[in-house]
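J.: Residue numbers (the working numbering), protein chains in the order written: chain A, 127 to 500; chain B, 51 to 363. Glycine residues also receive a C-beta, built at the ideal position from the N, C-alpha and C atoms.
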Amino acid sequence: MYKTTNSRVKPTLGLAAAALSVLLLAGCGGAGAAPAAVDLGSGPAVAGTVKKDALKGVNLTFVSYGGLYQDGQTAAAVTPFGKESGARILADGPTEYSKIKAQVESSNVTWDVVDTGSYWAAGQCGTELQPLDYTIIDKSKVPAGLAGKCSVPAMQYANVFVYNKDKYKDAPTSWKDFFDTKKYPGKRAIDGTENIEGGIIEGALLADGVPKDKLYPLDLKRAFKKLDTIKDSLVYWTTGAQAQQMLESKEVDMAVVWSGRAFGAVKNGAPFEPVWNASVVVMDTLTVPKNAKNPKASMALINYYLGKEQQEKLTEETSYSPVNVEAKPKLDAVGKKFLITDPAVASKTMVCNFDWWGKNYTNVAEQWVAWVAK
Amino acid sequence: MSSTLSNAVRPDDGVDPTMRPGRLRPRRDAQAPARRGRLGPALLILPALALALGIFAYPLAESMWRSIADPQPGVQNYQWFAASAANWAVLGRTLWVAFLSAVICLALAYPYAYFMTISGPRLRTALIVIVLIPFWTSLMIRSFAWIILLQDTGLANQVLSWMGLGPFHLIRNTTGILIGMVQVLLPFMVLPLYSAMKNVDLRLVQAAASLGARPIVAFTRVFVPLAMPGVVSGSLLVFIQALGFYITPALLGSPSQMLISQYIYVQVNGQLQWGRGSVLGVLLLVATLLLLGLLALLMRKSRRAAGDEGGLL
Numbered sequence: 127m128y129k130t131t132n133s134r135v136k137p138t139l140g141l142a143a144a145a146l147s148v149l150l151l152a153g154c155g156g157a158g159a160a161p162a163a164v165d166l167g168s169g170p171a172v173a174g175t176v177k178k179d180a181l182k183g184v185n186l187t188f189v190s191y192g193g194l195y196q197d198g199q200t201a202a203a204v205t206p207f208g209k210e211s212g213a214r215i216l217a218d219g220p221t222e223y224s225k226i227k228a229q230v231e232s233s234n235v236t237w238d239v240v241d242t243g244s245y246w247a248a249g250q251c252g253t254e255l256q257p258l259d260y261t262i263i264d265k266s267k268v269p270a271g272l273a274g275k276c277s278v279p280a281m282q283y284a285n286v287f288v289y290n291k292d293k294y295k296d297a298p299t300s301w302k303d304f305f306d307t308k309k310y311p312g313k314r315a316i317d318g319t320e321n322i323e324g325g326i327i328e329g330a331l332l333a334d335g336v337p338k339d340k341l342y343p344l345d346l347k348r349a350f351k352k353l354d355t356i357k358d359s360l361v362y363w364t365t366g367a368q369a370q371q372m373l374e375s376k377e378v379d380m381a382v383v384w385s386g387r388a389f390g391a392v393k394n395g396a397p398f399e400p401v402w403n404a405s406v407v408v409m410d411t412l413t414v415p416k417n418a419k420n421p422k423a424s425m426a427l428i429n430y431y432l433g434k435e436q437q438e439k440l441t442e443e444t445s446y447s448p449v450n451v452e453a454k455p456k457l458d459a460v461g462k463k464f465l466i467t468d469p470a471v472a473s474k475t476m477v478c479n480f481d482w483w484g485k486n487y488t489n490v491a492e493q494w495v496a497w498v499a500k
Numbered sequence: 051m052s053s054t055l056s057n058a059v060r061p062d063d064g065v066d067p068t069m070r071p072g073r074l075r076p077r078r079d080a081q082a083p084a085r086r087g088r089l090g091p092a093l094l095i096l097p098a099l100a101l102a103l104g105i106f107a108y109p110l111a112e113s114m115w116r117s118i119a120d121p122q123p124g125v126q127n128y129q130w131f132a133a134s135a136a137n138w139a140v141l142g143r144t145l146w147v148a149f150l151s152a153v154i155c156l157a158l159a160y161p162y163a164y165f166m167t168i169s170g171p172r173l174r175t176a177l178i179v180i181v182l183i184p185f186w187t188s189l190m191i192r193s194f195a196w197i198i199l200l201q202d203t204g205l206a207n208q209v210l211s212w213m214g215l216g217p218f219h220l221i222r223n224t225t226g227i228l229i230g231m232v233q234v235l236l237p238f239m240v241l242p243l244y245s246a247m248k249n250v251d252l253r254l255v256q257a258a259a260s261l262g263a264r265p266i267v268a269f270t271r272v273f274v275p276l277a278m279p280g281v282v283s284g285s286l287l288v289f290i291q292a293l294g295f296y297i298t299p300a301l302l303g304s305p306s307q308m309l310i311s312q313y314i315y316v317q318v319n320g321q322l323q324w325g326r327g328s329v330l331g332v333l334l335l336v337a338t339l340l341l342l343g344l345l346a347l348l349m350r351k352s353r354r355a356a357g358d359e360g361g362l363l
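1. Look up residue 384 of chain A in the DSSP assignment and say whether it is helix, strand or coil.
2. Under a three-way DSSP split, which group does residue 446 of chain A fall into?
3. Against chain A, which members of the region 291-308 of chain B pass a CB distance test of less than 9 Å?
4. Residues in the region 227-246 of chain A with C-beta within 7 Å of chain B's C-beta atoms, listed in sequence order?
5. Establish whether the CB of residue 310 of chain A and some CB of chain B are separated by less than 8 Å.
6. Going by DSSP, what residues sit across from residue 277 of chain A in a beta bridge?
7. List the residues that DSSP assigns as beta-bridge partners of residue 283 of chain A.
8. Apart from the five residues just before and just after residue 293 of chain A, which ones in its own chain have a Cβ nearer than 7 Å to its Cβ?
9. Looking only at its chain, what residues have a beta carbon closer than 7 Å to the beta carbon of residue 326 of chain B, apart from the 5 residues adjacent to it on each side?
10. At a CB distance below 7 Å, what residues from the region 128-149 of chain B approach chain A? Give them in sequence order.
11. For the region 298-315 of chain A against the region 486-494 of chain A, are there 3 or more C-beta pairs whose distance is under 8 Å?
12. Any idea what DSSP makes of residue 299 of chain A, helix, strand or coil?
13. Would residue 248 of chain A pass as an interface residue toward chain B - the criterion being a Cβ-Cβ separation below 8 Å?
14. Select from the region 318-344 of chain B all residues with a C-beta closer than 7 Å to any C-beta belonging to chain A, and list them in chain order.
15. Note the first and the last residue of the continuous alpha helix (DSSP H) segment covering residue 222 of chain B.
16. Expressed to the nearest angstrom, what Euclidean distance is found between the alpha-carbon atoms of residue 302 of chain A and residue 224 of chain A?
17. Taking the runs of the beta strand (DSSP E) that are 3 residues or longer, which of them lie wholly in the region 343-389 of chain A?
18. On the premise that residue 197 of chain B lies in contact with residue 298 of chain B, defined as a C-beta separation below 8 Å, what is that separation, rounded to the nearest angstrom?
19. Let me know if residue 420 of chain A comes out buried or exposed under the rule of 16 or more other beta-carbons within 10 Å of its beta-carbon.
20. Residue 316 of chain B CB to nearest chain A CB: under 8 Å?
21. How far does the alpha helix (DSSP H) with residue 20 of chain B in it reach, from first residue to last?
22. Alpha carbon to alpha carbon, how far is residue 267 of chain B from residue 312 of chain B?
23. Is there contact between the region 225-242 of chain A and the region 421-435 of chain A, where contact requires at least three CB pairs shorter than 8 Å?
24. For the alpha helix (DSSP H) that contains residue 154 of chain B, what are its first and last residues?
25. Measuring straight from C-alpha to C-alpha, what distance separates residue 149 of chain A and residue 291 of chain B?
26. Can you have a look at residue 194 of chain B and say buried or exposed, based on whether 16 or more other CB atoms are within 10 angstroms of its CB?
27. Please report the distance separating the alpha-carbon of residue 171 of chain B from that of residue 242 of chain B.
28. State buried or exposed for residue 198 of chain A, treating a residue as buried only when at least 16 other CB atoms are found within 10 Å of its CB.
29. Hey, residue 264 of chain A and residue 429 of chain A are a contact pair by Cβ (cut 8 Å); roughly how many whole angstroms apart?
30. Between the C-alpha atoms of residue 239 of chain B and residue 248 of chain B, what's the straight-line distance to the nearest angstrom?
31. If we define contact as Cβ-Cβ less than 8 Å, is residue 320 of chain A a contact residue for chain B?
32. Could you name the residues of the same chain whose beta carbon sits closer than 8 Å to that of residue 300 of chain A, not counting the 5 residues immediately before and after it, in chain order?
33. Where DSSP assigns a beta bridge to residue 400 of chain A, which residues make up the other side?
34. With distances taken between CB atoms, is the gap from residue 417 of chain A to residue 278 of chain A smaller than 8 Å?
35. CA-CA distance, residue 224 of chain B and residue 307 of chain B?
36. Can you pull out the residues from the region 185-207 of chain B whose beta carbon lies closer than 7 Å to at least one beta carbon of chain A?
Quick look at the structure:
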């Protein structure tokens, strides 16, 4: 910054200069602040713990999708972490990938830990996101195969097929029934956003006769052809709240929705039943953007988040399933019904192939958007 | 802050030299009386100019640049647009929905504005207030209200079913988008129409009648042409605003009936394809300018045919 001053600046010119400098400042505010030297203590990391007052004076911004979910994360892990570590925690949201990209591109990263979709995280590892340090994060209690190079799971859920039990006396039991509009007439709601996830594509292929063990690599052409056959009966939800509202108002008779939203609707009295053997398990992930200001502190937060108690509380608050194998959340009957890590549910559901999805996500999402919008 | 402030007027910073105090003092003194009068107002528009450049011109230039430079230089983003039928469908749908909004707004607003013109001052004030009330209500609140009213199990369909009709799908499709957009945009049609109509001398219509024209003829051949500028400016206002609508279609429409603003959001935010998002923005701008150019041409032709040299566009 220059230090020249000119006292003879005319007022009007000064005003113009002020307007200009506001514009300039808006583009480069908040840079600087080198990472503080962080001492997280010695010995191997243990999930759910952090060295007392290790992060005094550190600011961390935790970003997630807002609503009940982020409130639960905040209460279960983020706020307690701030209290124990001494870090000052800020919240932001909802997660928008373009904001991560803009921050990384302008080298001014203000988001420290971000909850993202798992496929996106796998695809952006090294470009928008940085590799996680597993000497700081203890992943020994994370379900096998869910922790990646740049991400750990934030919680698990399912894209669950639910139907209105008052409408169909002869209950649907499989993906075939979801695609059978003759036997089961009525509107079906599915996710219409660009953030396509495991669920409806797998369902279309299974309904079309592809055996379960030959699903991947997904035959997109065939899946879209099958989806074309029910396009007139489809409506699309674009937010979780909207999905839940469609169930509660009984606007649709069948739907594929996030298990947490199905739980919310049923809890509020919507007469919907899950079909678990036509449901696909997916997850959200926690990530650290590239060039985050204090990656060690970010990862300390993630390590704390993965603890047994934190995961139990998260599930009790949000109904989403824990990502610590030792977690035993206390739930009521409805909550237990939608707990996808419960053996009664887990024995029926199918876990999506995270590896395939991560590698092909951009391509699938592109084709999906074009199919929906055509 | 203060250092940045002075930074913007450093001597070699590109500010017009005539505005710089000191160096050009003699020349300025020589022409002082004439120049001061002209320079004052010119300086006053500087903040607005800086704002316009910073907030409109720069982002526009940036998105044009990105459309050919992101992720790498070349025309691949334009090729992407041309190759996919879905892209053309979205652009076409956007233009069509904007056109329908303008037509529906016109059909609703014309009689309304005419009624305002011929009614007394008190009733007219009431009519204006009715039009303006939605103006003062948040767009989000209105859109959510429409969702509740129009959903399949909502009030509108309940009323229709009492009358033995329906249920109709009134949201999550183009119908929903149009209902929402027309309600939001109606004031932009009513107000220009009214301001054009109130300047029409109604005695001309009476004069036509006194010369033997039937009321319908007097209205269509005298009043309608005179109020035409209001129709044109109202329709343009509505059409152009409708092209860029985001919130209303996002809430009342459906991803399967996506308009271009939603599509830009998907490209920029969901797919991180900023170049493609920029292409969509650029093409929307070009399409709009082409349509406006065409309209201006038609207007000039019809005006020349009518022997009127005045110009609205």
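T.: So, from the listed chains and residues:
1. Stepping through the first sequence from its first residue, residue 384 of chain A is reached at position 258. The answer is strand: DSSP assigns residue 384 of chain A an E or B state.
2. The residue labelled residue 446 of chain A in the question sits at position 320 within the first sequence. In the structure shown, residue 446 of chain A sits in coil (DSSP, three-state: anything other than H, G, I, E or B).
3. 300, 301, 304, 305, 306, 307 and 308
4. 227
5. Position 184 of the first sequence holds residue 310 of chain A. Cβ-Cβ to chain B under 8 Å: no for residue 310 of chain A.
6. In the first sequence, the residue the question calls residue 277 of chain A occupies position 151. For residue 277 of chain A, which the question treats as bridged, DSSP gives the partners A/413.
7. Within the first sequence, the letter at position 157 stands for residue 283 of chain A. DSSP, once it has assigned bridges, lists A/408 as partnering residue 283 of chain A.
8. What you label residue 293 of chain A is simply residue 167 of the first sequence in a count that begins at 1. Excluding sequence neighbours, residue 293 of chain A sits near 312 and 379.
9. As a first step, residue 326 of chain B must be located in the second sequence, where it is residue number 276. Taken in chain order, the residues that qualify are 127, 130 and 317.
10. 134, 135, 136, 139 and 140
11. no
12. Position 173 of the first sequence, counted from the start, is the residue given in the question as residue 299 of chain A. Here residue 299 of chain A sits in coil by DSSP.
13. For the purposes of this step, residue 248 of chain A is taken as residue 122 along the first sequence, with counting starting at 1. Chain B contact via Cβ: absent.
14. 318, 319, 320, 321 and 322
15. Within the second sequence, the letter at position 172 stands for residue 222 of chain B. Unbroken run through residue 222 of chain B: none, as it is neither H nor E.
16. In the first sequence, the residue the question calls residue 302 of chain A occupies position 176. In the first sequence, the residue the question calls residue 224 of chain A occupies position 98. Those two C-alpha atoms are separated by around 37 Å.
17. 360-363 and 380-384
18. Start at 1 with the first residue of the second sequence, and residue 298 of chain B comes out as number 248. Start at 1 with the first residue of the second sequence, and residue 197 of chain B comes out as number 147. Residue 298 of chain B to residue 197 of chain B, Cβ: 11 Å. No contact.
19. The count along the first sequence starts at 1 and reaches residue 420 of chain A at position 294. Per the 10 Å Cβ criterion, buried.
20. As a first step, residue 316 of chain B must be located in the second sequence, where it is residue number 266. Yes - at least one Cβ of chain A is within 8 Å of the one on residue 316 of chain B.
21. Here chain B comprises residues numbered 51 to 363, so residue 20 of chain B is not present and cannot be evaluated.
22. Sequence index remark: in the second sequence, residue 267 of chain B carries index 217 (1-based). Sequence index remark: in the second sequence, residue 312 of chain B carries index 262 (1-based). Their backbone Cα atoms lie some 45 Å apart in a straight line.
23. yes
24. In the second sequence, the residue the question calls residue 154 of chain B occupies position 104. Segment 135-168, the alpha helix (DSSP H) holding residue 154 of chain B.
25. Your numbering for residue 149 of chain A matches position 23 in the first sequence. Your numbering for residue 291 of chain B matches position 241 in the second sequence. Only weak support is given to the placement of residue 149 of chain A: the predicted model assigns it a pLDDT of 45, under 50, and the value that follows is read from those uncertain coordinates. If you take the alpha carbons of residue 149 of chain A and residue 291 of chain B, they lie about 26 Å apart.
26. Numbered from 1 along the second sequence, position 144 holds the residue referred to as residue 194 of chain B. Exposed, because fewer than 16 other Cβ atoms sit within 10 Å of the Cβ of residue 194 of chain B.
27. Counting from one through the second sequence, the residue named residue 171 of chain B turns up at place 121. Counting from one through the second sequence, the residue named residue 242 of chain B turns up at place 192. Taking the straight line from one Cα to the other gives about 18 Å.
28. Reading the first sequence from its first residue, position 72 is the one you call residue 198 of chain A. Residue 198 of chain A comes out buried.
29. Within the first sequence, numbered from 1, the residue matching residue 264 of chain A stands at position 138. Within the first sequence, numbered from 1, the residue matching residue 429 of chain A stands at position 303. About 6 Å separates the two Cβ atoms, so the contact holds.
30. Numbered from 1 along the second sequence, position 189 holds the residue referred to as residue 239 of chain B. Numbered from 1 along the second sequence, position 198 holds the residue referred to as residue 248 of chain B. So the two alpha carbons sit approximately 14 Å from each other.
31. As a position in the first sequence, residue 320 of chain A is number 194, starting the count at 1. By this cut-off, residue 320 of chain A is an interface position.
32. Sequence index remark: in the first sequence, residue 300 of chain A carries index 174 (1-based). Closer than 8 Å at Cβ, skipping near neighbours: 332, 333, 401, 403 and 404.
33. Indexing the first sequence from 1 puts residue 400 of chain A at position 274. Paired residue(s): A/288.
34. Locating residue 417 of chain A in the first sequence gives position 291, counting from the first residue. Locating residue 278 of chain A in the first sequence gives position 152, counting from the first residue. For residue 417 of chain A and residue 278 of chain A, no; Cβs fall outside 8 Å.
35. The count along the second sequence starts at 1 and reaches residue 224 of chain B at position 174. The count along the second sequence starts at 1 and reaches residue 307 of chain B at position 257. Residue 224 of chain B and residue 307 of chain B: Cα-Cα distance of roughly 7 Å.
36. 201, 202 and 203
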